[in-house]
Amino acid sequence: MGLFGKKNHMPVEGRTVLVTGASEGMGRSAAVQLAAKGANVIIVSRNVGRLEEALVEVKAAAKSSQTQRFLYISADVSEKDFAERVVAEAMAWNGGAAPDIVWCVAGMSTPMLWADDGAMDAARRNMDVNYFGAAEMSRAILRVWLAPENAAAIPNAQPKHIIFTASVLALFAIVGYGPYSPSKWALRGLADTLAMELQLYPDHPVRVHVVYPATITSPGFDRENLTKPAITVELEKAEPQETPDTVARRAIDGLEAGHYFVTMSFLGNLMRCGIIGASPRNNWFLDTLIGWFVPIIYFFVLRDFDGQVRGWAKKHGHPSAHAKKP
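Okay, so the sequence shown: first residue is 0 according to numbering that gives the first Met the number 0, each after it adds one.
Structure below.
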């Protein structure tokens with residue numbers, strides 16, 4: 000039970016959590032905070048050096064250093080079939096048991112104008128990391144969780160959780176993110192499908208979630224800015240930037256509250272309700288009510304954004320003439 004007696008829908012103490020993209024940024028912060036709540040944590044990323052550094056921090060945050068266990072696994076989420084090996088290694092370390100919670104955080108962003116040279120290559124790379132990396136991991140762990148012999152041993156057992164990390168750009172598109180945003184929109188489509196499909200397995204309770212962070216001050220954000228078009232920077236200038244610790248904490252709060260779509264702010268919540276369509280609701284009444292009013296807000300927001308883009312084009316001319324970043 001949480002604050003004021005509210006139920007914690009994702010308790011982690013004594014359970015095993017696997018986090019991809021955990022060597023830096025939001026993934027690293029999430030792993031540290033989950034360790035502080037008593038979880039056994041497996042962190043996954045490509046760079047062994049950064050994994051070793053992250054594991055020291057995760058261990059130091061443990062609620063009970065005497066009982067909790069920690070592991071890192073080096074893997075490239077963009078490689079085909081990487082997830083089966085990762086799950087097998089995790090289970091071998093965990094006494095044959097699969098992780099109880101899998102959080103797919105690994106991601107990248109390469110913003111470019113769609114007509115720019117290299118945009119399609121960037122789009123394929125973003126899709127490999129952001130979508131297929133999470134999709135392969137979800138399929139590998141679900142094949143274990145949903146196996147007939149792994150039905151819940153007791154009624155009302157704690158469900159497993161698969162968590163995808165999307166972006167507010169999967170709720171509201173902005174010029175310059177053509178190579179990136181579709182990979183995050185695709186995660187929402189997969190999550191919606193799985194949320195319905197998993198009802199075929201009533202004896203194997205699994206919950207699906209999608210986290211929608213905005214701008215995070217992380218190494219990934221620094222890399223993103225290397226290719227970001229100037230008009231995109233202009234449109235984003237008023238957006239608050241949050242630390243990885245803050246975003247991870249808000250995400251965990253939403254997961255513990257049992258939310259299907261987890262947003263980080265009031266504005267993010269408005270965007271969620273405005274585009275929710277046939278996706279599961281966090282609260283059917285409130286989400287639907289708010290969704291009725293958001294199009295009125297978008298009428299003014301989109302007029303402003305479109306006006307800024309047209310004004311930029313008028314001032315700076317054809318994008319081919321704009322200075323390119325090295």
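Even for Gly, the Cβ is constructed at its ideal location relative to N, Cα and C. Just so it is clear, the structure is predicted and the values come from calculations on it, not from any experiment.
8 angstroms contact criterion, which residue i and residue j should meet: CB distance rounded
i, j, result
"Val43", "Ala87", "Wrong, their Cβ atoms sit about 13 angstroms apart, outside the cutoff."
"Ile215", "Ala29", "That belief does not hold up - the Cβ atoms of Ile215 and Ala29 are roughly 11 angstroms apart, past 8 angstroms."
"Met25", "Val104", "6 angstroms"
"Val205", "Ile161", "6 angstroms"
"Glu223", "Ser108", "4 angstroms"
"His203", "Leu288", "34 angstroms between Cβ atoms; not a contact."
Residue i to residue j span [Cα, whole Å]
i, j, result
"Gly1", "Leu269", "Here the model assigns Gly1 a pLDDT of 40, short of 50, so the residue's position is not dependable, and the following value carries that caveat. Going by the C-alpha atoms only, they are around 25 angstroms apart."
"Gly175", "Pro212", "18 angstroms"
"Gly273", "Val207", "20 angstroms"
"Gly267", "Ala156", "32 angstroms"
"Leu70", "Ser166", "27 angstroms"
"Ser319", "Ala114", "9 angstroms"
"Gln67", "Leu225", "39 angstroms"
"Pro110", "Lys227", "5 angstroms"
"Asn281", "Arg248", "18 angstroms"
"Glu52", "Gly290", "43 angstroms"
Span of the beta strand (DSSP E), counted from its first residue to its last, around residue i
i, result
"Ile42", "39-44"
"Trp182", "It should be pointed out that residue 182 corresponds to Ser in this sequence rather than to Trp. Premise fails: Ser182 lies in the alpha helix (DSSP H), 180-196, not in any beta strand (DSSP E)."
"Glu260", "For the record, residue 260 in the displayed sequence is Phe; it is not Glu. Note, Phe260: beta strand (DSSP E), 260-262."
"Val31", "Here Val31 belongs to no beta strand (DSSP E); instead the alpha helix (DSSP H) covers 24-35."
Residue i - containing alpha helix (DSSP H), residue span
i, result
"Lys159", "Note, Lys159: premise wrong, no alpha helix (DSSP H); beta strand (DSSP E) at 159-164."
"Ile230", "229-235"
"Phe69", "Premise fails: Phe69 lies in the beta strand (DSSP E), 69-73, not in any alpha helix (DSSP H)."
"Trp92", "81-92"
"Val57", "47-59"
Coarse secondary structure for residue i, derived from DSSP in three states
i, result
"Trp311", "helix"
"Gly1", "In this prediction, Gly1 has a pLDDT of 40, which is less than 50 and means its spatial position is unreliable; what the coordinates show is noted afterwards. Coil."
"Ser319", "helix"
"Glu12", "coil"
"Arg248", "helix"
"Trp144", "helix"
"Tyr130", "helix"
"Tyr211", "strand"
Nearest neighbour of residue i, chosen from the options [CA to CA]
i, options, result
"Arg138", "Lys58, Leu168, Leu112, Val101", "Val101"
"Leu54", "Arg249, Leu17, Gly219", "Leu17"
"Arg187", "Ala237, Gly37, Gly276, Arg124", "Gly276"
"Val246", "Leu112, His203, Thr262, Asn46", "Thr262"
"Ala185", "Ala122, Ala60, Pro98, Ala146", "Ala122"
"Lys62", "Ala38, Pro10, Lys159, Asn281", "Ala38"
"Asp116", "Pro178, Asn129, Met136, Ser64", "Pro178"
"Pro158", "Gly310, Asn7, Ala312", "Asn7"
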